[in-house]
Amino acid sequence: MPLYPQRDFMQPERLAKALAICYNSHRHRGSHMALLYLIRHARAQMLGDAAERWPLSEQGRREAGILARQNFWREVELLFSSPEPKALQTAGPVARRWGIPLVAVDCLHEVHRPQLIPDYEIVIARLFAQPETSIAGVEPAAQAAERITDCIKGLVAAHPGQTLAVVSHRLILTLFLARLEDRWPTVAEWHAVPFTGLAVVDTTTWHLVKGWSSISEAS
0 MPLYPQRDFM QPERLAKALA ICYNSHRHRG SHMALLYLIR HARAQMLGDA AERWPLSEQG
60 RREAGILARQ NFWREVELLF SSPEPKALQT AGPVARRWGI PLVAVDCLHE VHRPQLIPDY
120 EIVIARLFAQ PETSIAGVEP AAQAAERITD CIKGLVAAHP GQTLAVVSHR LILTLFLARL
180 EDRWPTVAEW HAVPFTGLAV VDTTTWHLVK GWSSISEAS
């Protein structure tokens with residue numbers, strides 16, 4: 000039984016049929032290398048204790064606009080986002096500018112925490128050191144890592160050979176990349192993920208092609 004209550008997730012394989020019409024009408028954008036672009040959302044405005052409800056700040060909206068102008072989007076065929084407002088508001092300008100189908104997928108949400116937590120960095124360190132344990136009410140790292148891995152690999156399996164992008168969150172994406180290497184991340188790796196940061200994975204081998212970079216360094 001899960002240590003932390005599971006949410007009802009949209010099953011990635013169910014998206015294939017729903018996206019077929021959108022994809023068939025979406026023009027080919029270039030190479031069919033099986034790449035996955037991982038993007039952290041832009042800066043959020045901290046309104047209240049429920050981080051999952053925060054929208055983008057004014058600076059975050061500017062960052063989302065800059066992200067949308069990056070040339071790598073020419074290669075992306077489908078765009079998936081966490082349902083949290085700050086993620087959807089980051090992905091929205093991209094979808095509008097490039098005409099890429101955008102789908103919110105529940106299992107891309109951030110590691111759940113019940114409220115704002117003092118000494119959050121200390122909690123993160125304990126989560127990584129004790130991945131099976133819920134620290135301060137936070138979703139256990141092992142459960143979150145299994146959820147995001149199943150989610151992203153399911154999306155890729157539902158769209159073989161296509162170049163996909165995912166807009167999600169710092170902690171959950173840090174867990175995903177570390178678990179691809181069968182290890183747990185460090186706090187330094189978590190710190191290293193910038194707002195609107197970009198990492199690239201080869202989904203044929205599930206190897207990291209490009210580590211986290213800021214949008215000013217993206218191509």
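Note that numbering that gives the first Met the number 0 gives residue 199 to position 200 of the sequence shown, counting from 1, and the numbers run on in steps of one.
In this text, a Cβ means the ideal position worked out from N, Cα and C, and glycines have one as well.
Model, not experiment: these values are computed from the prediction.
Using the Cβ count rule (16 or more neighbours within 10 Å means buried), how would you classify residue i?
{"i": "T204", "result": "exposed"}
{"i": "L34", "result": "buried"}
{"i": "S30", "result": "Summary for S30: the model assigns pLDDT 47, below 50, so the residue's position carries little reliability, and this model does not support an answer."}
{"i": "E138", "result": "buried"}
{"i": "Y119", "result": "exposed"}
{"i": "L37", "result": "buried"}
{"i": "Q58", "result": "exposed"}
{"i": "I121", "result": "exposed"}
{"i": "R73", "result": "exposed"}
{"i": "Q161", "result": "buried"}
{"i": "A157", "result": "buried"}
Counting contacts by CB-CB distance shorter than 8 Å, is residue i in contact with chain C?
{"i": "P54", "result": "Protein chains in the displayed structure number just one, and chain C is not present."}
Less than 8 Å between the C-beta atoms of residue i and residue j, yes or no?
{"i": "T89", "j": "A124", "result": "no"}
{"i": "L229", "j": "I99", "result": "Because the chain in this structure spans residues 0 to 218, residue 229 falls outside the shown range and cannot be described."}
{"i": "H40", "j": "P82", "result": "no"}
{"i": "W189", "j": "A198", "result": "no"}
{"i": "A144", "j": "I116", "result": "no"}
{"i": "V104", "j": "L154", "result": "yes"}
{"i": "V92", "j": "P54", "result": "Looking at the sequence shown, residue 92 is not Val but Pro. No, they are not a contact pair."}
{"i": "R223", "j": "C106", "result": "Lying outside 0 to 218, the shown extent of the chain, residue 223 is not represented and no answer is given."}
{"i": "I214", "j": "T195", "result": "yes"}
{"i": "S80", "j": "V166", "result": "yes"}
{"i": "R112", "j": "T148", "result": "no"}
{"i": "L176", "j": "L126", "result": "no"}
I believe residue i touches residue j by the beta-carbon criterion, under 8 Å. Please report the beta-carbon distance rounded to the nearest angstrom.
{"i": "A86", "j": "H168", "result": "7 Å"}
{"i": "S56", "j": "R68", "result": "Between R68 and S56 the Cβ distance is about 19 Å, and since that is not below 8 Å, they are no contact."}
{"i": "A140", "j": "L174", "result": "6 Å"}
Using DSSP bridges, identify the partner residues of residue i.
{"i": "F79", "result": "V102, V165"}
{"i": "H206", "result": "D201"}
{"i": "R38", "result": "This sequence places Ile at residue 38; Arg is not what is there. Paired residues: V166, L197."}
{"i": "A221", "result": "Outside the shown range of the chain (0 to 218) lies residue 221, about which nothing can therefore be said."}
{"i": "S212", "result": "L197"}
{"i": "L55", "result": "A43"}
Cβ contact (3+ pairs, closer than 8 Å) linking the segment 175-186 and the segment 47-61: no
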